[in-house]
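Notes for the one structure printed next.
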Amino acid sequence: MRAVGIVGVVCAVFALVAGCGGEADEAERPRTSATIGAATVDRTPEIAEAPAATNAPQPRPAPPALAPTPQPPTSPVLGTAIIETVTLGGNAVPDVPVSVRQMRPCDMAQLDIPLGATEIAHWDAVTGADGRAVFVVPVGCFRFRMDPPPGTDPVPEGMHTLFVTAAGQVVTGQLRFNDPAPAACAAETIVAELDDAGDLTADGATVSECDGSWAVIVWDVPGDSQRIVHRTADGWRTYVAFPHNVCWSTAAADGVPARLESYFQPC
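Quick note: the sequence shown, position 172, residue 348 per the numbering used here, numbers continuous.
As structure tokens, this is what we get:
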């Protein structure tokens, strides 16, 4: 019991000391500590709120300017040029290379092409069996020419021109040739050279048994028109008009070829 009493006394002393010390510490603390505690600000960082999304329509960007639609070039006003290759007698000459050349400057009012004009376009073709070549060309002034085939005889006529003055107009130009000389045995040749043909012409005449020196010619006319003709230095001449009245022996002596014997009397 004595020990317990001592312990109790000691505890009482410690309690007293602790109590006094607490009061002294409390007296020495500044009174602002309570105030500071009350004014303490929550230092948790604030998170900025994102602006609220808006559903208002946004303006669309202006579309890029469209490039202008390309326009096709204006079509020229067109006409037709026909080139004919013919003989002086009007016969077609086929397979002739021809060309049409547009020239500037040109005088459409006077239908004239000055000597200093320049070619700005050209078209080429070959005439067909009818001696024609057809060109679709713009309105304007043109020169045309040909390349005569070997063996032909073109008429020298200088520069050839034509003019297309309105849309749809058709113009024709001619390139001419001399007619070929007829062959020696042609009816045209024999009749033209005979000095006693009278009113007989090559029309209706038929030539046979011709070798270039002797021939038989007959006309489609009433009566007996058959003749034996012979070509001399002066051209074709009538040997006999009625061979059936002449003896073959006489004809043979005159140089008539044997193939014509049947036309003479067998004497």
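Positions of the beta carbon are idealized from the N, C-alpha and C atoms, including for glycine. These figures come from a predicted structure and were not determined experimentally.
| Query | Result |
| --- | --- |
| Backbone CA spacing between residue 276 and residue 304 [nearest angstrom] | 16 Å |
| Alpha-carbon spacing of residue 268 relative to residue 261, whole angstroms | 6 Å |
| Beta carbon of residue 343 nearer than 8 Å to that of residue 255 | yes |
| Close-in-space but distant-in-sequence residues of the same chain around residue 252 (CB under 6 Å, 5 per side omitted) | 314 |
| Through-space distance from residue 317 to residue 281, alpha-carbon basis | 8 Å |
| Limits of the unbroken alpha helix (DSSP H) element including residue 256 | Here residue 256 belongs to no alpha helix (DSSP H); instead the beta strand (DSSP E) covers 254-263. |
| Continuous alpha helix (DSSP H) stretch holding residue 367: start and end | 363-369 |
| Nearest-angstrom Cβ-Cβ length linking residue 353 and residue 338, presumed shorter than 8 Å | The pair is not a contact, with the Cβ atoms about 19 Å apart (cut-off 8 Å). |
| Residue 271 to residue 424 span [Cα, whole Å] | 49 Å |
| Alpha-carbon spacing of residue 422 relative to residue 441, whole angstroms | 6 Å |
| Residue 351 - DSSP class collapsed to helix/strand/coil | strand |
| CB contact flag (residue 370, residue 395, <8 Å) | no |
| Straight-line Cα distance separating residue 390 from residue 433 | 8 Å |
| Pairwise C-alpha distance: residue 290 and residue 323 | 23 Å |
| Integer-rounded CB distance, given that residue 328 should sit under 8 Å from residue 372 | Going by Cβ atoms, the distance from residue 372 to residue 328 rounds to 34 Å, so no, they are not a contact pair. |
| Beta-carbon proximity check, residue 367 vs residue 257, cutoff 8 Å | no |
| Neighbour-count burial assignment, residue 443, 16 or more Cβ in a 10 Å radius | exposed |
| Bridge partner(s) assigned by DSSP for residue 287 | DSSP output for residue 287 lists no bridge partner at all. |
| Contacting residues, own chain, Cβ-Cβ under 7 Å from residue 209 (five flanking each side not counted) | In this prediction, residue 209 scores a pLDDT of 40, lower than 50, which makes its location untrustworthy; the coordinate-derived value is nonetheless stated afterwards. Cβ neighbours of residue 209 beyond the five flanking positions: none. |
| Nearest-angstrom beta carbon gap, residue 388 and residue 360 [assumed within contact, 8 Å] | 5 Å |
| Beta-carbon proximity list for residue 213, same chain, < 8 Å, skipping 5 on both sides | Because residue 213 carries a pLDDT of 39, less than 50, the predicted location of this residue cannot be relied on, and the following value inherits that uncertainty. Closer than 8 Å at Cβ, skipping near neighbours: no residue. |
| Three-state secondary structure assigned by DSSP to residue 275 | strand |
| Rounded Cβ spacing between residue 136 and residue 309 (contact assumed at less than 8 Å) | Within the shown structure, residues of the chain are numbered from 177 to 443, placing residue 136 beyond reach of any answer. |
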